[in-house]
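**Student:** In the order they appear, the protein sequences are chains F and V. Numbers 9 to 329, taken from this note's numbering, label the letters of the first sequence in order. Numbers 290 to 709, taken from this note's numbering, label the letters of the second sequence in order. Have a look at the structure that comes next, please.
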Amino acid sequence: MKELDLKIEDMSEPILNRAEHRIEEALFYALVSTELRKEEIEISSFPVAVMMVASTADKLMKKRYALAEAKRIYELLEEESEDKILEVTRVSNWKIILVDNKPPCEFALFFTDCLRNATRFQAKGWKIVNRVVSKGEVYLTTGDVTRLLQEEVHVHTEKKLDVKEKIVLPQSFTNRVERLKQAFTEHKGKIELKGFPDEVVISAFPPCVKHLYGEIASGNHLSHIERFTLTSFLTNIGMTAEEVIDLYRSLSDFKERLIRYQAEHIAGGLGSRTKYIPPRCDTLRTHRVCMDMDEICRKVRHPLAYYRRKLRTIKAEAPVE
Amino acid sequence: MSVKKIETQKFVKKKFSEYYQKHLSSIQPPTLIEKREFGFLMFKGKVMVRHQSFKDVNGLTKSLKTLVPSDAYYSSAYYERPEEKMEEKSWLGADLVFDIDADHIPTSCAKIHDTWACSNCGIVGKGVLPEECPACGEHKFDEKTWPCEVCLESAKNETVKLIDMLKQDFGFSSKETNLYFSGHRGYHVHVENEEIQLLDSMARKEIVDYIIGIGLETRLHGLIEEKLDQSRTHILTGPNLEEPGWSGRIARGTREFLSTATPNDLEDIRIKKKVIETLVQHKETILESWKEKRPWALVKGVDPASWRKIAQHGADTKSAKIDTVVTTDTHRLIRLNNTLHGKTGLKKMEVPVTGFESFDPFKSAIAFKEGTLKIIVQDAPKFRLEDQTYGPYKNQQVELPTAAALLLLCKGMAKVKEDK
């Protein structure tokens, strides 16, 4: 709001209405419509909606809203000319130029601007190793640039929503926020994100973790990243630091003090109190921890997602007694 | 630790101390020294003193002089408060750092100069560390590695490929790209450029994948079967030699591989016998074809699947084998330029990129240039420093130039001979 030189108390009813509507659309329909006829309202209602969503401190609500706003940008730009797209990228300070000698690519974008957003995509075609990269520039089609812009808006909105301090809003705002919150809770119904069961189910481990687990169980040495992966995986699916330490006891170089420090640190009991989660699948691939990929591996991006999914299958296959 | 070992360690520390007294002026502080964390590995107990910070080079050199560490490091990262604990440092950014170490490269010497001893049964062996002790199944070993010429030449080749990618593909200038000999078994490349400082670990991982070729798909570089106009037949097309980035690299790697490959090499990458025969028979035509049509659809009897295997292998030869962990770690400590390496007594030093081909680490990185030392060598391979070769030695007393003697002392292959 500061950027647009807007004051909370100046927000008119139509702006507040549009802000509330934006959030509603995002939460219930996963999209935000475009009402370009009232440009002023359209522009001012965005920061207002961001403040409203940020004030809820509801992670899922924030996630849905950011994604829907990003999709809106994609749809808006999809129909636009290359020059117009170029203009929009200027807002984000991208180093980008139009090129005509590398069809089907129309743009050359400085690689850091590309990486900042593309690392969140999973498709192989988005890895820069599969792109034409020359003199610091990544060559992209108009569709690629639009997709990257969507992601830039996504990240930007998520950042704006990620406010640590409590936001105090005027009554005219909070009434609307409360209404939205209630409606969203009803909408979610009973579908809450579930934790993992108490019991550790080894047969649901992804192949990489199963391998590491086997190595440790037979007393083999693990590299730092392998140890981190295994420990963080186990503490996240419900093993206590104590149980993890026991597992490492069979190692010939077992140093209880060191292992205890690592296990407790990773489990979030020491220092920064951050609970660490295992690296994502593509990070494990880079460090050559990933192995023996199976069908489920191809559908997930994270070892914990694998575990969650496999648990469901095992449960479904369990005999009926 | 035995008395002899402690004496040797003390002696090496004394020599390092003498070196730092004399050469303090050669210590180059990293850019923005006040925002870097420094770490010193001490001789005694091999303890790392971390979270050190200095306002200027004087503070740094004073510490080197008084602490006399076996190894000195600084952070690739910039921090608001480098002297604080990790959680409180407040990260501001980091240089892009690459480490090429012989440990990560398969070499033709097969590391035959490296020795290991099982910590449990004491059995000894040579070469690459086994997964488990062949005698008792133990997994812990005492390792002694050696910086051999073949290892360092392999590391150099990988470094050349890395620098080519950094310049041609990523567009870094010579001014931003600094190359160093590590002082042991490899090379470091530091990129200092404002644009990359804020890249997170994920973005750096993508750069690592690019350099090593992880996730590379030849089909996304144009090696695909295209349908001919008006016909049902598909024809394989693929990249050309001059194309930028990985496309050109795939083409060049393929050409180079096919120009030298023996039938055995082709068998190793699982090309079928019949296809190998065709490739051998048409070798000249295939190599010639790069000038015009390219070879991808040239010869009947070489199917697209075989071409893909060959192209993938060609691409592999063009990747640079860097240490993946060093580059993705945005808080990494790296050896300080012009300081001594505790495992060799050689110094880490900057190497000009032009002329790198002829750089000789066993000549240029020698720190101790004067005098001789009497030492008792337990076991050492044949080695060269400057133009002189030494060894192999086994349980014998020798008088060697200081640099050669220190190399063996630092490597734990010798002990000091006291003159009484």
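Positions of the beta carbon are idealized from the N, C-alpha and C atoms, including for glycine.
1. Starting from residue 666 of chain V, trace the beta strand (DSSP E) in both directions and tell me its first and last residue.
2. What is the rounded straight-line gap between the Cα of residue 655 of chain V and the Cα of residue 95 of chain F?
3. What number of angstroms, rounded off, separates the C-alpha of residue 190 of chain F from the C-alpha of residue 314 of chain F?
4. Could you give the first and the last residue of the continuous beta strand (DSSP E) run that contains residue 534 of chain V?
5. If the cut-off is 7 Å on Cβ atoms, which residues from the segment 520-537 of chain V count as contacting chain F, listed in chain order?
6. Closer than 9 Å by beta-carbon distance: list the chain F residues that pair up with residue 356 of chain V, in chain order.
7. Taking the beta carbon of residue 314 of chain V as the centre, do at least 16 other beta carbons fall within 10 Å, making it buried, or is it exposed?
8. Would DSSP call residue 528 of chain V helix, strand or coil?
9. Are the C-beta of residue 459 of chain V and some C-beta of chain F separated by less than 7 Å?
10. Three or more C-beta pairs closer than 8 Å, one from the segment 612-623 of chain V and one from the segment 347-364 of chain V: is that the case here?
11. In whole angstroms, give me the CA-to-CA distance for residue 407 of chain V and residue 430 of chain V.
12. State yes or no: is the C-beta of residue 478 of chain V within less than 7 Å of the C-beta of residue 387 of chain V?
13. Just curious, the alpha helix (DSSP H) that residue 156 of chain F is in, first and last residue?
14. Could you give the residue range of the alpha helix (DSSP H) that holds residue 184 of chain F?
15. Once the 5 residues before and after residue 344 of chain V are set aside, which same chain residues still bring their CB inside 6 Å of it?
16. Check whether the Cβ of residue 654 of chain V lies closer than 7 Å to any Cβ atom in chain F.
17. So what's residue 241 of chain F in DSSP terms, helix, strand or just coil?
18. Nearest to residue 652 of chain V by CA position, among V/381, V/473, V/424, V/613, is which residue?
19. Determine the direct distance from the alpha carbon of residue 700 of chain V to that of residue 310 of chain F, and round the result to whole angstroms.
20. Under 7 Å, Cβ to Cβ, is there at least one residue of chain F near residue 466 of chain V?
21. Beta-carbon of residue 381 of chain V versus every beta-carbon of chain F: anything under 7 Å?
22. Does residue 504 of chain V get closer than 7 Å to chain F when you measure Cβ to Cβ?
23. DSSP has residue 40 of chain F in a bridge; who is on the other side?
24. With a threshold of 8 Å, are at least 3 pairs of Cβ atoms found where one atom belongs to the segment 680-687 of chain V and the other to the segment 659-671 of chain V?
25. Between residue 617 of chain V and the rest of its own chain, which residues show a CB-CB distance below 7 Å, the 5 nearest in sequence each way excluded?
26. In terms of residue numbering, what span does the alpha helix (DSSP H) encompassing residue 252 of chain F cover?
27. Per DSSP, which one or two residues make a beta bridge with residue 690 of chain V?
28. Under a three-way DSSP split, which group does residue 331 of chain V fall into?
29. Contact between the segment 50-70 of chain F and the segment 175-192 of chain F: three or more CB pairs below 8 Å?
30. Alpha carbon to alpha carbon, how far is residue 220 of chain F from residue 242 of chain F?
31. Using 8 Å as the threshold, is the segment 638-651 of chain V in touch with the segment 403-418 of chain V, meaning 3 or more CB pairs across them?
32. Can you give me the Cβ contacts of residue 461 of chain V inside the same chain, cut-off strictly under 8 Å, excluding the 5 residues immediately before and after it?
33. Can you tell me whether residue 60 of chain F is helix, strand or coil according to DSSP?
34. Which residues of the segment 413-444 of chain V have a Cβ closer than 9 Å to any Cβ of chain F? Give them in chain order.
35. Helix, strand or coil for residue 407 of chain V, going by three-state DSSP, please let me know.
36. Three or more beta-carbon pairs under 8 Å between the segment 84-99 of chain F and the segment 138-145 of chain F, yes or no?
**Tutor:** The structure says:
1. 661-669
2. 56 Å
3. 32 Å
4. Unbroken run through residue 534 of chain V is the alpha helix (DSSP H), 534-549; no beta strand (DSSP E).
5. 533, 534, 535, 536
6. Within chain F, no residue comes near residue 356 of chain V; the closest Cβ sits about 25 Å away, beyond 9 Å.
7. exposed
8. coil
9. yes
10. yes
11. 5 Å
12. yes
13. 150-169
14. 179-196
15. 323
16. no
17. helix
18. V/473
19. 42 Å
20. no
21. no
22. yes
23. None, per the DSSP bridge assignment.
24. yes
25. 490, 493, 494, 497
26. 249-256
27. V/661
28. coil
29. yes
30. 11 Å
31. no
32. 455, 480, 482
33. helix
34. 420, 421, 426, 427, 428, 429
35. strand
36. no
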